[in-house]
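Visitor: I'd like to ask you about the structure that follows.
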Amino acid sequence: MFKKYDQYFITKFPRFWVLGIHIYVPVLVILYSIFMLVGFFTFDLELYQRNAWELMYTPLVLPISLVCIMLAILYVVRQIKFNNKRVHIKLPANSRLGFFLFFILFFLSLEYLFFAHNMGYRFYVVEKSEEQLIMDDSIFYEHYNDFYPYIYENNRLNQDAEGSELGRTNTEYDSNIRTKLIKLAPLMLKYWDKKTKPSKEELLNHLNKMPFDDKYYLVDNYSKIRINFSLCTDFQGRNGIFHYRSAEMFLIFLILATALAMLLLVVCSTSAADFGWALLFAALAPTVVGVTMGSLVLLFKLDGNFLFMFRFIILLVLVVMIRLSFSQRINKSIRRGLSISIHLLAPLLVMAFIDFDHIKEKTLMLLVSLVMIASTVFYSVYYESKYINPSE
175 MFKKYDQYFI
185 TKFPRFWVLG
195 IHIYVPVLVI
205 LYSIFMLVGF
215 FTFDLELYQR
225 NAWELMYTPL
235 VLPISLVCIM
245 LAILYVVRQI
255 KFNNKRVHIK
265 LPANSRLGFF
275 LFFILFFLSL
285 EYLFFAHNMG
295 YRFYVVEKSE
305 EQLIMDDSIF
315 YEHYNDFYPY
325 IYENNRLNQD
335 AEGSELGRTN
345 TEYDSNIRTK
355 LIKLAPLMLK
365 YWDKKTKPSK
375 EELLNHLNKM
385 PFDDKYYLVD
395 NYSKIRINFS
405 LCTDFQGRNG
415 IFHYRSAEMF
425 LIFLILATAL
435 AMLLLVVCST
445 SAADFGWALL
455 FAALAPTVVG
465 VTMGSLVLLF
475 KLDGNFLFMF
485 RFIILLVLVV
495 MIRLSFSQRI
505 NKSIRRGLSI
515 SIHLLAPLLV
525 MAFIDFDHIK
535 EKTLMLLVSL
545 VMIASTVFYS
555 VYYESKYINP
565 SE
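Under the numbering used here, the first residue of the sequence shown carries the number 175, and numbering increases by one thereafter.
Here is the structure:
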């Protein structure tokens with residue numbers, strides 16, 4: 175059955191087949207579904223035993239990491255095997271940009287798979303406006319003192335195995351607590367755990383009949399309600415276990431995915447020898463800049479702001495690399511390696527000329543991603559002229 179399925183894409187959608195869309199997209203959908211369901215059904219076990227930050231590093235992270243690494247390796251191997259410069263000859267020239275964008279989406283999907291189980295917690299969130307959350311928080315805070323004596327004693331009894339009887343009546347229980355709880359009931363129901371949430375009538379009946387020493391019902395449920403309330407505020411603020419929804423996290427993932435996609439496109443578009451030279455020159459260029467900078471400072475005992483000199487040396491090294499990449503006296507493979515290395519170093523070159531004191535972190539990360547995308551689009555023309563439809 176798989177052979178017929180695979181053959182259908184080869185004949186009908188050759189570009190999709192080369193990218194492996196018919197294999198990896200269904201696999202990712204299945205994995206996201208599985209891990210989100212695991213997060214959904216282990217919500218209680220996870221949430222009430224850990225704080226929000228530790229939730230990201232549950233035992234699920236190890237198997238998810240292994241799955242992501244294995245998928246990434248298999249995908250890269252497939253692309254090197256099928257999506258190389260020989261295959262590009264059989265495909266339209268405009269496939270390059272589409273391939274590159276799919277690489278970015280694929281690696282982004284793998285990165286977000288790490289948080290698929292946290293996405294399962296999303297079903298427990300009660301979405302409220304920021305104004306409503308602030309108002310509810312002030313009400314919770316106002317009633318916290320009513321619960322504090324019981325929360326304190328609950329913690330003490332849990333820590334003391336030989337503590338007093340669990341049914342002991344707290345003599346400090348205020349006779350007004352019942353009235354306060356009845357007023358608080360509608361707010362508590364807003365953030366009650368969906369699996370155990372009572373109806374409004376059931377809760378009010380319980381509060382009216384509740385003996386004064388039934389404190390653990392209050393302590394346990396109030397603590398869970400507060401945690402669920404925190405989930406709502408975290409979801410609203412895109413932090414805590416929902417930090418994967420934040421713009422900062424997306425931009426970090428975008429930089430990593432774009433860098434991996436750029437490297438994969440270069441590997442698929444060039445020869446192994448030229449790519450090896452490119453990696454060597456990309457590693458040597460920063461070393462040359464650093465050694466030159468240090469030598470000038472030591473020899474001439476320079477003092478003061480070295481930023482201008484640092485940028486001048488970078489430009490000098492870049493000009494030399496560009497000049498050598500066009501020199502006919504140098505081996506063709508080395509020339510191409512020099513040219514490809516400039517592509518790989520493009521994000522670092524841009525960062526070297528940015529004033530970090532006057533640019534926001536989000537803007538910087540977005541700029542780096544755009545530079546990698548733009549340089550790859552530009553260099554795809556170079557790869558086509560040198561490897562796919564060579565002119566020399």
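A virtual CB, placed ideally from N, CA and C, is assigned to each residue, including glycine.
Which of the three DSSP states, helix, strand or coil, is assigned to residue 372?
Guide: Numbered from 1 along the sequence shown, position 198 holds the residue referred to as residue 372. DSSP places residue 372 in coil when its eight states are reduced to three.
Visitor: Just tell me which of 534, 176, 236 and 495 has its CA closest to the CA of residue 518.
Guide: Looking up residue 518 in the sequence shown gives position 344. The candidate whose alpha carbon is nearest that of residue 518 is 495.
Visitor: If you draw a straight line from the C-alpha of residue 475 to the C-alpha of residue 522, how long is it?
Guide: Numbered from 1 along the sequence shown, position 301 holds the residue referred to as residue 475. Numbered from 1 along the sequence shown, position 348 holds the residue referred to as residue 522. For residue 475 and residue 522, the distance between alpha carbons rounds to 27 Å.
Visitor: Reducing DSSP to helix, strand and coil, say where residue 420 ends up.
Guide: Here residue 420 corresponds to residue number 246 of the sequence shown, with the count starting at 1. Three-state result, residue 420: coil.
Visitor: Hey, is residue 529 close to the ligand NAD, as in C-beta under 7 Å from one of its heavy atoms?
Guide: Questions concerning the ligand NAD fall outside what the structure shown contains, since it holds no ligand whatsoever.
Visitor: So, at 6 Å on beta carbons, what are the nonlocal neighbours of residue 418 in its own chain, with the 5 sequence-adjacent residues on each side left out?
Guide: Taking the sequence shown and counting its residues from 1, the one referred to as residue 418 is at position 244. Here the set comprises 289.
Visitor: When you compare only the Cα positions, how much space is there between residue 228 and residue 401?
Guide: Start at 1 with the first residue of the sequence shown, and residue 228 comes out as number 54. Start at 1 with the first residue of the sequence shown, and residue 401 comes out as number 227. Because residue 228 carries a pLDDT of 47, less than 50, the predicted location of this residue cannot be relied on, and the following value inherits that uncertainty. Distance between the alpha carbons of residue 228 and residue 401: 14 Å.
Visitor: Are at least three pairs of beta-carbons, each pair with one atom in the segment 270-280 and one in the segment 541-561, less than 8 Å apart?
Guide: Counting Cβ pairs under 8 Å, three or more are found: they touch.
Visitor: Are residue 526 and residue 485 closer than 8 Å when you measure CB to CB?
Guide: Stepping through the sequence shown from its first residue, residue 526 is reached at position 352. Stepping through the sequence shown from its first residue, residue 485 is reached at position 311. Yes, these two residues count as a Cβ contact at 8 Å.
Visitor: Of the residues 459, 500 and 197, which one's Cα is nearest the Cα of residue 490?
Guide: Taking the sequence shown and counting its residues from 1, one reaches residue 490 at position 316. Cα-wise, what sits closest to residue 490 is 459.
Visitor: In the structure shown, what three-state DSSP assignment does residue 354 receive?
Guide: Here residue 354 corresponds to residue number 180 of the sequence shown, with the count starting at 1. Reduced to three states, the DSSP call for residue 354 is helix.
Visitor: CB-CB under 7 Å to residue 293, same chain, minus the five flanking residues each way: which ones, in chain order?
Guide: Mapped onto the sequence shown, residue 293 falls at position 119. Answer for residue 293: 210 and 213, listed in chain order.
Visitor: In or out: residue 634 buried (at least 16 other Cβ within 10 Å) or exposed?
Guide: A question about residue 634 goes unanswered here, because the residues of the chain that appear run from 175 up to 566.
Visitor: With DSSP collapsed to three states, give me the class of residue 239.
Guide: Residue mapping note: residue 239 aligns to position 65 of the sequence shown, counting from 1. Correct three-state label for residue 239: helix.
Visitor: Spatial neighbours of residue 251 within its chain, please: C-beta separation below 6 Å, excluding the five flanking residues on both sides.
Guide: For this step, residue 251 is matched to residue 77 along the sequence shown. So the list is empty, once near-sequence residues are dropped.
Visitor: For residue 166, count neighbouring C-beta atoms within 10 Å of its own C-beta (all shown protein chains included) and say buried if the count is 16 or more, exposed if not.
Guide: This structure leaves residue 166 out entirely; the chain is present only between 175 and 566.
Visitor: Considering residue 197, what are the terminal residues of the alpha helix (DSSP H) in which it resides?
Guide: Numbered from 1 along the sequence shown, position 23 holds the residue referred to as residue 197. Run containing residue 197: 195-215, per the alpha helix (DSSP H) assignment.
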